[in-house]
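Worksheet for the structure shown next.
There are 2 protein chains.
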Amino acid sequence: MTKARRKATRNIAIVAPACALKPDAAARVAALAEANFSDAGAALHFHPQCFLSEGHFAGSDEARSAAFLEVANDPAFDAVWFARGGYGSARLDDAIYARLNAAARRKVYMGYSDLGFVLGRLYADGIGTPVHGPMPADINRAGGETAIARALRYLVQGDQADVEPAARGGAKVAAFNLTILVHLIASGRAPNFSAHIVMIEEVSEHHYRIDRALAAVMSSPNMRDAAGLMLGRCSDIPENDPPFLKTEEEIARRWCARAGVPYLGRADIGHDVENKIVPFGAPALVA
Amino acid sequence: MTKARRKATRNIAIVAPACALKPDAAARVAALAEANFSDAGAALHFHPQCFLSEGHFAGSDEARSAAFLEVANDPAFDAVWFARGGYGSARLDDAIYARLNAAARRKVYMGYSDLGFVLGRLYADGIGTPVHGPMPADINRAGGETAIARALRYLVQGDQADVEPAARGGAKVAAFNLTILVHLIASGRAPNFSAHIVMIEEVSEHHYRIDRALAAVMSSPNMRDAAGLMLGRCSDIPENDPPFLKTEEEIARRWCARAGVPYLGRADIGHDVENKIVPFGAPALVA
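Which chain is which? The protein sequence lines are U and C, in order.
Adding 45 to a residue's 1-based position in the first sequence gives its number in our numbering.
Adding 45 to a residue's 1-based position in the second sequence gives its number in our numbering.
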């Protein structure tokens, strides 16, 4: 009797460096993974830290730092999937980054929004493959299953179909929430974006704040030799008073022109269920 | 017949690198100066650019840049007083800073909030005496005459009584709105705060944003060798959901401890009529 060959297990650890994940959201993501990706080998491991609560955060800074370090360094896991954004990633213990081991350096790390602090820092340190992409908490959005399935196709099957098109062209890329990028650069821990296409997206910030943030980013030495900027979706923009008179794309074009960095058009990323996958760096060449 | 000796005229030019000043606010500030400071030699010159309007801004970037450069470089003026904050200072033409002349280098420049972009950059470039202090638009606050009179006592009479106490102790100081400081540092144009006491204040930002901004500032290489941080008032803080559980002072103490920079207590600055005067750098020694 022959046995159907089953794909190797892809163990994905889920931790929450920022805000807590609701248990029912985790259950829905687990059910979706079981129903559609178990044949492909998906095995999701929700670290209990995801469900801790301490004020704004998914547990204390110590608990969040320890959980991240634990799963990153554990050779049993192939990927670390960040549970939810909000705020908190910048508060992880600085010392953990120097303690990431060889197993941590082989992993994929996926998230977006506040997690840009971790993704950017890992990338600056050359650790693993940071990936901008959907998070488990996206299950709470209307149509969120689409985003979760997209993330799992990439994490479990290595499917490149939902990788943002500009991230498939051979150029080095990185993607960030704009406000997080400003803070990451100010902290002195941002990568140097020389020769990179940098994609940004924003949510719930006024036009004047988008302009102010782009002023800072595009004036930064980190962006001086960037290959270009791409503008993701800017959603839920509060009304400016007085009217700002410029769209977010006009704002981006203006700051790119002023900085002498090419504006390369719209990126298919944002705080929504259409948010596409952006693996940082240059795509691996297929042998 | 002897003539009463009249003080030398102190010519103060008022321009608006950010948002426009209302003509009636200018009229009230002019009347206050005439009534109480004309004997002391005060002569206020409101540049017509203050009253221009282009969407969010007091005229185009070109108009605001040109007006600032004009009054800064004019030897007839002793001081440049910024009219109002909001947003726009970061959009001034970069090239004007290199065109500031010898007259510009002898002047006092006063403002706060968004004007931190200009004050910080002038200070980084060693041009004149940037001063954090009230602006003409403060006349619109309840009790705003107090703030205007304080500014004029300093600008016209050189009165040191309303200089923030920590700025009178001999240490080098600088003062900023926290959000503006994050953006200034990210832009690569912030001063190095080595051996400086840095005062910060904030308005209308959630506790999580104050924490996030302090994370960036206190992690920045610009702050590595600072003599200390002082926390001004953080006003109109929107309610955090979930509750942040820490006060702004606890937040400041935490990030100072983590950065190894002394927390030196509260500073008497803020977005209010009590906002005190902070001349950047070390106080001039009295001969």
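Note that the Cβ used here is the ideal one computed from N, Cα and C, for glycine as well.
Since the model is a prediction, treat every value here as computed from it, not as a measurement.
Proximity test, Cβ basis, 8 Å: residue i and chain U
i                   : result
phenylalanine 289/C : yes
serine 110/C        : no
arginine 257/C      : yes
alanine 103/C       : no
arginine 136/C      : yes
glycine 100/C       : yes
tyrosine 154/C      : no
tyrosine 157/C      : no
tyrosine 132/C      : yes
glutamate 295/C     : no
Helix, strand or coil at residue i according to DSSP, with G and I counted as helix
i                : result
cysteine 279/U   : strand
leucine 274/C    : strand
asparagine 118/C : helix
tyrosine 157/C   : coil
glutamate 99/C   : strand
glycine 310/C    : strand
methionine 46/U  : Confidence in methionine 46/U is poor, its pLDDT being 43 and thus under 50, which makes the residue's placement unreliable; the coordinate value appears in the next sentence. In the structure shown, methionine 46/U sits in coil (DSSP, three-state: anything other than H, G, I, E or B).
isoleucine 172/U : coil
alanine 124/U    : strand
alanine 297/C    : helix
valine 318/U     : coil
leucine 89/C     : strand
proline 328/U    : coil
Whole-angstrom C-beta distance between residue j and residue i, which should lie under 8 Å
i                : j                   : result
valine 243/C     : valine 227/U        : With 8 Å as the limit, valine 243/C and valine 227/U do not qualify as a contact, their Cβ atoms being about 18 Å apart.
proline 181/C    : valine 74/C         : 5 Å
alanine 78/C     : glutamine 94/C      : At roughly 19 Å, the Cβ-Cβ gap does not stay under 8 Å, so alanine 78/C and glutamine 94/C are not in contact.
alanine 88/C     : isoleucine 59/C     : Contact doesn't hold; Cβ gap of about 11 Å is too wide.
proline 179/U    : phenylalanine 325/U : Between phenylalanine 325/U and proline 179/U the Cβ distance is about 16 Å, and since that is not below 8 Å, they are no contact.
alanine 196/U    : proline 328/U       : Not really, about 18 Å apart at Cβ, beyond 8 Å.
isoleucine 172/U : leucine 145/U       : 5 Å
lysine 152/C     : aspartate 123/C     : 7 Å
alanine 65/C     : phenylalanine 91/C  : Wrong, their Cβ atoms sit about 12 Å apart, outside the cutoff.
valine 125/U     : alanine 231/C       : That belief does not hold up - the Cβ atoms of valine 125/U and alanine 231/C are roughly 27 Å apart, past 8 Å.
methionine 275/C : glycine 233/C       : The Cβ separation is near 25 Å, so there is no contact.
Closer than 8 Å to chain C by CB, residue i
i                : result
histidine 316/U  : no
asparagine 285/U : yes
valine 227/U     : yes
serine 241/U     : Before going on, a small fix: residue 241/U reads as histidine here, not serine. It does not: the Cβ of histidine 241/U has no partner Cβ on chain C nearer than 8 Å.
valine 262/U     : yes
serine 249/U     : no
serine 232/U     : yes
proline 266/U    : yes
methionine 46/U  : Its pLDDT being 43, under 50, methionine 46/U is placed unreliably in this model, and the coordinates cannot settle the point.
tyrosine 308/U   : no
asparagine 253/U : In the sequence as presented, asparagine is not what sits at residue 253/U; that position holds tyrosine. Yes, tyrosine 253/U counts as interfacial toward chain C.
valine 331/U     : Model confidence at valine 331/U stands at a pLDDT of 47, short of 50, so the residue's coordinates are unreliable and nothing is read from them.
Worksheet entry | Cβ contact (3+ pairs, closer than 8 Å) linking the segment 83-91 of chain C and the segment 102-111 of chain C | no
Worksheet item: If you scan the segment 48-83 of chain C from start to end, which runs of the beta strand (DSSP E) of 3 or more residues do you find wholly inside it?
Response: Runs of the beta strand (DSSP E) lying entirely within the segment 48-83 of chain C, each at least 3 residues long, are 55-60 in chain order.
Fill in: Segment contact, 8 Å Cβ cut-off, at least three pairs: the segment 313-322 of chain U with the segment 115-132 of chain C
Using a Cβ-Cβ distance cut-off of 8 Å, the segment 313-322 of chain U and the segment 115-132 of chain C are not in contact, since fewer than three pairs of beta carbons, one from each stretch, lie closer than that value.
Worksheet item: Is it a yes or a no for the segment 239-254 of chain C touching the segment 188-201 of chain C, going by three-plus beta-carbon pairs under 8 Å?
Response: no
Worksheet item: Contact between the segment 181-192 of chain C and the segment 291-309 of chain C: three or more CB pairs below 8 Å?
Response: Contact between the segment 181-192 of chain C and the segment 291-309 of chain C is absent: fewer than three C-beta pairs spanning the two stretches fall below 8 Å.
Fill in: Segments of 3+ residues assigned as beta strand (DSSP E) that fall wholly inside the segment 209-261 of chain C
217-222 and 241-248
Item to complete: Count the CB pairs spanning the segment 215-227 of chain U and the segment 152-168 of chain U that are closer than 8 Å, and state whether there are at least three.
Response: yes
Worksheet item: Taking contact to mean at least 3 C-beta pairs separated by less than 8 Å, is the segment 278-289 of chain U in contact with the segment 257-264 of chain U?
Response: no
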